[in-house]
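Just below is one structure, and these are the notes that go with it.
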Amino acid sequence: MQYVDKQKKVLTNSLVSNALWTFLWLALTLIVFVCLVKLSIWQYNRGFEKELRTARITQLNQQSPLTLNEVVNLSKEKQFIGKENINDFPVTITGQFNADYIFLLDNQVEKYSLGYRVLQVVETPTHAVLVNLGWVQGSIDRGVLPEVIPLHGQYKFQGHVRIVEQSIMLIEQDFTQASWPLRVQQIELDKFATLTNKPLLPFVIYVDPAETLGHKKNWHPIVMPAEKHFGYAFQWATLAIAWLVLMISLRIKTKKSAHDQQSKSAVSLPDSQATNIDTDTDSDNKTLTNSLNNKNKNEAVKYG
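0 is the number of the first residue of the sequence shown in numbering that gives the first Met the number 0; add one for each residue after it.
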C-alpha cells in the first residue's frame, strides 16, 4: 500500500513537472520566434523604403535644381509635409558664408580614420541655412581640433537638401561656454540658431561632390543599400525557421525519453521493493506451515 501511494505521488509530481516544462518550452519558443520574425519583417520594410528612396533620388536628379526660396515654399505644401518631405531635392544656393561660426560634427569615419564634418552658415537676403562642407581628419589627441579655414564672402554652389534625423543622446550638449570652432555630437538646429543669432531653416544643405569649395565630399544619401537590408531580412527569417525546428526536435526527443523512462518504471519494480515482497511471501508461507503442524499435533493427542 505504501508503495502504491509513493508511486501515485511520483506520478503526480512528474505530471506537474511536465506541464511546467511544456509551458516554459512553448513560451521560450514563441517569444524568440516572434522576435526573429519581427526583425526579418523590419529589415525587409527598410529595404523596400531604401528602394523607393533610391528611385526617388534618381528621379529628382534628372530635374533642374531648385532655388533655396523654391525649396522653402515647396516644404510648406501639403504633399511634402510628412515622411518624405523635401529630402534629397537638388538646390542651387547663392549666399554669403558667415565666417564667425564653424561647427565640427564629431565621430565621422572615413576609411577607418576618425574625423569631423565641417558645417557653416550661409546667409541669403531672405534665409539662413546650415551647410555641410565636407569631411576633415581629426587628431588622435581629443583635445586638439583640426585647423579649418572658414569660408567667407559670397558663393554660388549646388547641393542637396537633407532632413536632420535626431539620434538619442545620453548627455545633452552644453553650449553655454561655446568656443569656435565648436565640436558638436549631433546637429541641433534650434540650438545652433541661438548660438548664431540667426533663425536657421529646418534642414541642412550637403554640398555636391562636384563642387570645389569646402573639403572632402564623402557623404552618401543612402548609407546601407536595399540589397543589404534584404540580405539581413533573409538571415533573420532563416534563424527563425532554424530556431523553430531546433526547439521542436528538442521537445520530441525529450518527450520520447520521458515516455521510455515511464514505461520502464511501469514494467519492472525497483530491486528493493521486489526483495521486500519476496521476503514477506516466504515469511507468510512459514507461518502457515507451522500453524498446520501444530493443529495436527493437537488432534493426535486428543484422539490418541
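By construction, the Cβ of each residue, glycine as well, lies at the ideal position given by its N, Cα and C atoms.
Asked                                                                                                    : Found
Status (buried if at least 16 other CB within 10 Å, exposed otherwise) for residue 143                   : exposed
Inter-stretch contact at 8 Å, needing at least 3 Cβ pairs: the segment 212-226 / the segment 150-157     : yes
DSSP bridge partner residues for residue 127 (one or two, in chain order)                                : 122, 199
Spatial distance of residue 177 from residue 243 (CA atoms)                                              : 55 Å
Complete runs of the beta strand (DSSP E) confined to the segment 55-115 [at least 3 residues]           : 89-109
At least three beta-carbon pairs within less than 8 Å, the segment 112-127 to the segment 51-71          : yes
N-terminal and C-terminal residue of the beta strand (DSSP E) that residue 156 is part of                : 152-161
Close Cβ partners of residue 112 (< 7 Å) along its chain, the five nearest in sequence each way excluded : 136
Pairwise C-alpha distance: residue 24 and residue 273                                                    : Here residue 273 scores only 44 on pLDDT, less than 50, and its place in the model should not be relied on; the value that follows carries that caveat. Looking at the two C-alpha atoms, the distance is approximately 37 Å.
Near the ligand HEM: residue 162 beta-carbon under 8 Å from a heavy atom                                 : Judged by which ligands are present, the structure shown has none, so any question about the ligand HEM falls away.
With 16 other Cβ atoms within 10 Å as the buried cut-off, status of residue 102                          : buried
Assigned secondary structure, residue 144 (DSSP; H/G/I helix, E/B strand, else coil)                     : coil
Residue 188 (DSSP reduced to helix, strand or coil)                                                      : helix
Boundaries (first-last residue) of the beta strand (DSSP E) holding residue 222                          : Looking at the DSSP string, residue 222 is not in any beta strand (DSSP E), and its letter there is neither H nor E.
Residue 151 burial status per 10 Å Cβ neighbour count (16 or more: buried)                               : exposed
C-alpha gap between residue 170 and residue 49, whole angstroms                                          : 31 Å
Whole-angstrom distance between residue 42 and residue 232, CA atom to CA atom                           : 5 Å
Beta bridge counterpart(s) of residue 204 as assigned by DSSP                                            : 130, 160
Cutoff 8 Å; reference residue 19; Cβ partners in own chain excluding five residues on either side        : none
Through-space distance from residue 254 to residue 84, alpha-carbon basis                                : 57 Å
Exposed unless 16 or more other CB atoms sit within 10 angstroms - verdict on residue 141                : exposed
CA-to-CA distance, residue 110 to residue 192, given in whole angstroms                                  : 32 Å
Per DSSP, cross-strand counterpart(s) of residue 117                                                     : 103, 133
Assigned secondary structure, residue 215 (DSSP; H/G/I helix, E/B strand, else coil)                     : strand
Member of 87, 237, 173, 94 whose CA lies at the smallest distance from the CA of residue 218             : 87
Where residue 186 falls, given that 16 or more other Cβ within 10 Å makes a residue buried               : buried
Spatially closest choice to residue 31 from 245, 247, 239, 56, by CA coordinates                         : 239
8 Å Cβ shell around residue 190 - same chain, five flanking residues per side excluded                   : 172, 174
Nearest candidate by alpha-carbon position, reference residue 92, set 61, 160, 107                       : 160
Buried or exposed by the 16-neighbour rule on C-beta atoms within 10 Å, applied to residue 29            : exposed
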